[in-house]
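In UniProt numbering, the protein residues as written are 1 to 166. Where is the CB? At the ideal position from N, CA and C, for every residue including glycine. Below: the structure, in structure tokens.
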Amino acid sequence: MRFLLPDFSLASLGNVLLVYALVLALHTALAWGGAAWFARKYDQRVGPWVAMEVFVLALVISFATLSWMPEGQFNYSPWQILCSGLAMVILVAVRVLRLRDIYPNFLLVWWAAVAGYALGWSVISGVKDSTGLWAAGLMFLVMGLTAGLGAVAGLAAGLRAWLSAS
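And the structure:
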């Protein structure tokens with residue numbers, strides 16, 4: 001097993017965080033703006049603590065599953081990706097199903113899962129990449145996570161609303 005973050009400079013970490021912030025800026029503005037709009041429309045409270053909890057857990061999932069590679073390989077093994085994806089789906093589904101105020105907060109759970117996981121992946125990939133191609137990978141990762149986890153969050157929110165109504 002080979003750990004992917006043995007040594008890196010603070011300057012490279014700063015560059016990674018800057019690119020991460022630029023890539024996630026629109027995503028963040030839309031999620032928090034949408035949550036504020038839903039909160040006003042449905043007279044519900046926005047829960048930033050829920051978002052922070054999911055952000056940290058997604059970051060931990062990213063580091064736990066993607067910060068190492070099997071010895072002698074240069075790609076992630078399929079079971080690493082499967083475990084990582086399954087853990088993210090479970091995190092989002094369970095957290096959305098446990099929300100008290102569904103409509104403003106399912107957007108924040110969705111955003112936090114994407115942002116936390118993307119931050120972990122950015123640090124793992126970006127601090128050692130001298131080509132800058134990790135930034136393109138980050139954009140594709142964010143698009144994929146947004147679509148996939150958005151479907152999970154939307155379905156879980158719909159199920160939660162349906163269960164609450166009946």
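| Asked | Found |
| --- | --- |
| Note the first and the last residue of the continuous alpha helix (DSSP H) segment covering Pro78. | 78–97 |
| So, does the stretch 54–64 touch the stretch 108–120, judging by three or more C-beta pairs under 8 Å? | yes |
| Which residue marks the beginning of the alpha helix (DSSP H) containing Glu53, and which one marks its end? | 48–66 |
| Quick one: Cα of Val50 to Cα of Gly137, how far? | 27 Å |
| Are the stretch 113–133 and the stretch 10–28 in contact at 8 Å, needing three or more beta carbon pairs? | yes |
| Could you check whether Ile102 and Ala161 sit closer than 8 Å to each other, using their CB atoms as the reference points? | yes |
| Here's the rule: buried if 16 or more other CB atoms are within 10 angstroms of the residue's CB, otherwise exposed. What is Gly120? | buried |
| Pick helix, strand or coil for Phe74, following the three-state DSSP scheme. | coil |
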